[in-house]
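Residue numbers (the numbering used here), protein chains in the order written: chain A, 1 to 122; chain B, 123 to 283.
Backbone N, C-alpha and C fix where the C-beta goes; we use that ideal spot for every residue, glycine too.
It should be emphasised that the depicted structure is a prediction, and the values quoted were computed from it without experimental measurement.
Okay, so here's the structure we're looking at.
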């Protein structure tokens, strides 16, 4: 796992959450620019997925167990795309709020992924 | 008379098929956000409890059983919100009430008698490890279930407001 990537995803996810959260407060549905933001975050998460799979294949093992680690990895990959699709069906402020919630969940999952892998220096 | 049958059933069947929108109401608008959060907690609590029950049930049987119960409650509410309609509203309301009772009871127990819970559950310390979302979610759910647009079949049965 690359700590810088995990940190970058966490920060990007929180920015996305703040952005979509602000749109929800202003009574706006998700717009094209939001989806570009979601795509950027999703690409970062997919890069993390690839890196993690390569490291697992190379014999490295997360400190707290491979099963839990992979479960969190898949959850992290799904959070933003899933809520993004929900916001396509929900063309109100609540679509933006849903994406914001998905992004916060992603940020939390990144912190957990960091812990499960073994924290600093891993 | 066999001939009369199609005429009698026809309109009713048409009515049932004609308005698929009737079922909507619980999983749209603010309900969409609730669906997303309940999905997260169903998957999170569910996969966590399956893993715990399968690998180390003996370490904390009470905590792990409660995690499984919580996961089932979340799943039931999630399905009810997505399905919508009159029965689902009742099921979701009962589920949210059960969830609120669970988080309050387990939250209090973990503070009063921490030794009974060697490992934490989603409801431990009122859901503090999960940003208190387990405590907020049932309250938000109950509020939403009161306000969500009704499908028309039970609207007259309840007093306004």
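Quick one: which chain A residues come within Cβ less than 7 Å of residue i?
i, result
"residue 152 of chain B", "94"
"residue 155 of chain B", "94, 97, 98 and 101"
List, in chain order, every chain B residue whose beta-carbon is nearer than 9 Å to that of residue i.
i, result
"residue 75 of chain A", "162, 165, 166 and 169"
"residue 67 of chain A", "173 and 177"
Assuming residue i contacts residue j under a Cβ cut-off of 8 Å, what Cβ separation, rounded to an integer in Å, is found between them?
i, j, result
"residue 5 of chain A", "residue 48 of chain A", "5 Å"
"residue 197 of chain B", "residue 164 of chain B", "5 Å"
"residue 64 of chain A", "residue 116 of chain A", "4 Å"
"residue 178 of chain B", "residue 267 of chain B", "Actually they are not in contact, since the Cβ atoms of residue 178 of chain B and residue 267 of chain B sit about 37 Å apart, beyond 8 Å."
"residue 1 of chain A", "residue 51 of chain A", "7 Å"
"residue 160 of chain B", "residue 220 of chain B", "With 8 Å as the limit, residue 160 of chain B and residue 220 of chain B do not qualify as a contact, their Cβ atoms being about 13 Å apart."
"residue 202 of chain B", "residue 214 of chain B", "4 Å"
"residue 270 of chain B", "residue 148 of chain B", "5 Å"
"residue 232 of chain B", "residue 246 of chain B", "4 Å"
Comparing alpha-carbon positions, which option in the options lies nearest residue i?
i, options, result
"residue 86 of chain A", "A:93, A:98, A:14 and A:41", "A:98"
"residue 119 of chain A", "A:62, A:10 and A:36", "A:62"
"residue 171 of chain B", "B:157, B:188 and B:159", "B:188"
"residue 17 of chain A", "A:109, A:110, A:103 and A:113", "A:103"
"residue 39 of chain A", "A:78, A:60, A:7 and A:24", "A:78"
"residue 37 of chain A", "A:73, A:76, A:81 and A:24", "A:81"
"residue 173 of chain B", "A:66, A:46 and A:60", "A:66"
"residue 75 of chain A", "A:57, A:25, A:46 and A:59", "A:46"
"residue 70 of chain A", "A:113, A:9, A:41 and A:7", "A:113"
Going along chain B in order, which residues have a C-beta closer than 8 Å to the C-beta of residue i?
i, result
"residue 1 of chain A", "Near residue 1 of chain A there are no residues of chain B at all, since even the closest Cβ is about 20 Å away, more than 8 Å."
"residue 105 of chain A", "162"
"residue 83 of chain A", "158"
"residue 86 of chain A", "154, 157 and 158"
"residue 90 of chain A", "150, 151 and 154"
Any heavy atom of the ligand COA within a distance shorter than 8 Å of the CB on residue i?
i, result
"residue 79 of chain A", "The ligand COA is not part of the structure shown, which contains no ligands of any sort."
Residues of chain B with CB under 7 Å from residue i, in chain order?
i, result
"residue 71 of chain A", "169"
Closer than 9 Å, Cβ to any Cβ of chain A: which residues of the region 157-176 of chain B, in chain order?
157, 158, 159, 161, 162, 165, 166, 169, 170 and 173
Does the contact criterion of 3 or more C-beta pairs under 8 Å hold for the region 179-198 of chain B versus the region 230-249 of chain B?
Taking a cut-off of 8 Å for Cβ pairs, the region 179-198 of chain B and the region 230-249 of chain B touch, as three or more such pairs fall below it.
Counting pairs of beta carbons, one from the region 19-30 of chain A and one from the region 88-95 of chain A, are three or more of them closer than 8 Å?
yes
For the region 19-35 of chain A, enumerate the residues whose C-beta is nearer than 8 Å to any C-beta of chain B, in chain order.
none
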